[in-house]
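Those protein sequences? They're chains A and B, same order as listed.
Going by our numbering, the first residue of the first sequence is number 105, and it counts up by one from there.
Going by our numbering, the first residue of the second sequence is number 4, and it counts up by one from there.
For each residue, glycine too, the CB sits at the ideal point set by N, CA and C.
Here's the structure we're looking at; comments come further down.
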Amino acid sequence: MWQALYEELKAHGFMVIAVALDSREGDPLPWIEAASPSYPCLIDRDHRLAELYHMVNVPQAVWIDERGTIVRPTEPAGAYEGFRRMDRVTREVPADVARVTADAKAIYLNAIRDWVRLGQASEYAFDGERARARAPRPTEDVARAHVLFKLGQHLIRHGQAEEGDRWLAEASRLHPESWAIWRQRAGVTELGLAAQPDFWERVDALGERRYYAPVEMKGMP
Amino acid sequence: MAILLTATTETVIPDARVEGERLWLSPEELETSTGWSSRPEGLCRGSVCVPIPPGREREFVRGGQIDAAAVWRHLGQPLAHSANGGVWVLGAAAADRAAALRSLEAPDFTLPDRTGRLHSLSEHRGKKVLLVSWASW
Numbered sequence: 105m106w107q108a109l110y111e112e113l114k115a116h117g118f119m120v121i122a123v124a125l126d127s128r129e130g131d132p133l134p135w136i137e138a139a140s141p142s143y144p145c146l147i148d149r150d151h152r153l154a155e156l157y158h159m160v161n162v163p164q165a166v167w168i169d170e171r172g173t174i175v176r177p178t179e180p181a182g183a184y185e186g187f188r189r190m191d192r193v194t195r196e197v198p199a200d201v202a203r204v205t206a207d208a209k210a211i212y213l214n215a216i217r218d219w220v221r222l223g224q225a226s227e228y229a230f231d232g233e234r235a236r237a238r239a240p241r242p243t244e245d246v247a248r249a250h251v252l253f254k255l256g257q258h259l260i261r262h263g264q265a266e267e268g269d270r271w272l273a274e275a276s277r278l279h280p281e282s283w284a285i286w287r288q289r290a291g292v293t294e295l296g297l298a299a300q301p302d303f304w305e306r307v308d309a310l311g312e313r314r315y316y317a318p319v320e321m322k323g324m325p
Numbered sequence: 004m005a006i007l008l009t010a011t012t013e014t015v016i017p018d019a020r021v022e023g024e025r026l027w028l029s030p031e032e033l034e035t036s037t038g039w040s041s042r043p044e045g046l047c048r049g050s051v052c053v054p055i056p057p058g059r060e061r062e063f064v065r066g067g068q069i070d071a072a073a074v075w076r077h078l079g080q081p082l083a084h085s086a087n088g089g090v091w092v093l094g095a096a097a098a099d100r101a102a103a104l105r106s107l108e109a110p111d112f113t114l115p116d117r118t119g120r121l122h123s124l125s126e127h128r129g130k131k132v133l134l135v136s137w138a139s140w
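And the structure:
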């Protein structure tokens, strides 16, 4: 998704860093091979990035300016939850929903273009006060969840899968907002996460709540 | 013996002594793995010192060793260990994470790409960076 944008903007001081929140050995590799991006694609088995930036899902992004300052804190990156209205048998998405999904992506990509061109003058780059007001505030439960996730991952990698999985379950219980933690325990087939009954069960349990948090950009669904 | 995981280090500590919820390390091991040390003014890292309440010294320091778990709890930071006490994880406090994010200074990290080459966010200072999560799911 980011390769074309990176190619378009890299001459203007723009960089993409993609970090895979995958933790099973070998998981993200075929996907990186297939995409063959020319920006760094990093592998984060212990979800260090999720911990540092309070990321709870994919794709989420942070905008960081030339001085290393966050100008848009963690938020969904051009994603819209249109998949929730997918026909679960045919896996088809109604045309109007597909259009909204495409619009969300286009709005987000255009916002990045605007920021790369205008810098802090872009309406999409928050000033310090607005960025601070939107900074995530991890709770003590979330901090503990990351500790348990790391413990679980270590044990799973070292032949203690049963105990490791128990810690992952506890981490997910403490940080229910995180799909990234939950996902590491969920069964996945070659059809992807959205083919799994337990995924749909968890999505349905959201009710009126959003799967992707709303993004503050004009026209964004 | 214990394996100690901190934010950025993984250390095998042959001389560690585990007693239930206590993790006794030599002062050198504690400082190498966490940066914290025991000084007359209390527990210190760099220029920051946290005093040990009078009369409670033996909860932290005994027989030339320091209980890293007690230190961590005293600092209000989360920790966990495996059922057999062989693996310990020392984490960062929620308040510290939140303060770091509120400062708007993007936290640096170093992670490998698929070839094992390490990359840090700070290498890209001077560019606008879109830092994005993804996954094979």
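{"Query": "Run through the region 233 to 308 of chain A for me and flag every whole alpha helix (DSSP H) of 4 or more residues, listed as ranges in chain order.", "Result": "244 to 261, 265 to 278, 283 to 287 and 301 to 308"}
{"Query": "Which residues mark the beginning and the end of the alpha helix (DSSP H) in which A71(B) is found?", "Result": "A71 to H77"}
{"Query": "Of all the CB atoms in chain B, is at least one closer than 7 Å to the CB of T243(A)?", "Result": "yes"}
{"Query": "Near D116(B), what residues of its chain come up, given a Cβ to Cβ distance below 8 Å and the 5 sequence neighbours on each side ignored?", "Result": "H122"}
{"Query": "Between S276(A) and the rest of its own chain, which residues show a CB-CB distance below 6 Å, the 5 nearest in sequence each way excluded?", "Result": "I285 and W286"}
{"Query": "Would you mind reading off the limits of the beta strand (DSSP E) that contains E22(B)?", "Result": "R20 to E22"}
{"Query": "Between the alpha carbons of V80(B) and L156(A), how many angstroms are there, rounded?", "Result": "First, the amino acid is wrong: residue 80(B) is Gln here, not Val. Their Cα atoms are separated by approximately 15 Å."}
{"Query": "If the cut is a Cβ gap below 9 Å, which residues of chain A does E24(B) touch?", "Result": "The premise fails here: E24(B) is roughly 14 Å from chain A at the closest Cβ pair, so nothing lies under 9 Å."}
{"Query": "Taking all protein chains shown into account, do 16 or more other C-beta atoms lie within 10 angstroms of the C-beta of G119(B), making it buried, or fewer, making it exposed?", "Result": "exposed"}
{"Query": "DSSP on E312(A), reduced to helix/strand/coil?", "Result": "coil"}
{"Query": "Pick out whichever of R238(A), G182(A) and R171(A) has its Cα sitting closest to the Cα of M324(A).", "Result": "G182(A)"}
{"Query": "Give the interface partners of V132(B) over in chain A, defined as CB-CB distance under 7 Å, in chain order.", "Result": "M119, I121 and I168"}
{"Query": "Spell out the partners DSSP gives R48(B) in its beta bridges.", "Result": "V51(B)"}
{"Query": "Would DSSP call L26(B) helix, strand or coil?", "Result": "strand"}
{"Query": "Classify R149(A): buried if its beta carbon has 16 or more other beta carbons within 10 angstroms, exposed otherwise.", "Result": "buried"}
{"Query": "Looking at the secondary structure, which residues open and close the alpha helix (DSSP H) in which E62(B) lies?", "Result": "E60 to F63"}
{"Query": "Note down the Cα distance separating D191(A) from A206(A), rounded to an integer number of angstroms.", "Result": "18 Å"}
{"Query": "Taking 8 Å as the cut-off, does the region 226 to 236 of chain A touch the region 84 to 93 of chain B (at least 3 CB pairs, one atom from each stretch)?", "Result": "no"}
{"Query": "Between the beta-carbon of L133(B) and the beta-carbon of V120(A), is there less than 7 Å?", "Result": "yes"}
{"Query": "If we count the other Cβ atoms within 10 Å of its Cβ and call it buried at 16 or more, is G268(A) buried or exposed?", "Result": "buried"}
{"Query": "Output, in sequence order along the chain, the residues in the region 193 to 216 of chain A whose CB is closer than 7 Å to any CB in chain B.", "Result": "I216"}
{"Query": "Mind checking which residues open and close the alpha helix (DSSP H) that includes E126(B)?", "Result": "Premise fails: E126(B) is in no alpha helix (DSSP H) and is neither H nor E."}
{"Query": "Looking at C-alpha atoms only, which residue of A83(B), V135(B), R100(B) and A96(B) is the closest neighbour of V21(B)?", "Result": "A83(B)"}
{"Query": "In terms of alpha-carbon separation, which member of V251(A), P180(A) and Q107(A) lies closest to T11(B)?", "Result": "V251(A)"}
{"Query": "Counting only beta-carbon separations shorter than 7 Å, does R313(A) have a partner in chain B?", "Result": "no"}
{"Query": "Among residues of its own chain, excluding the 5 on either side of R25(B), which ones have a beta-carbon nearer than 8 Å to its beta-carbon?", "Result": "D70, A72 and A73"}
{"Query": "Three Cβ pairs or more, each shorter than 8 Å: is that satisfied between the region 39 to 47 of chain B and the region 315 to 324 of chain A?", "Result": "no"}
{"Query": "Bridge partners of F118(A), per DSSP?", "Result": "K131(B)"}
{"Query": "With contact counted as at least three CB pairs below 8 Å, one residue from each stretch, are the region 242 to 249 of chain A and the region 96 to 110 of chain B in contact?", "Result": "yes"}
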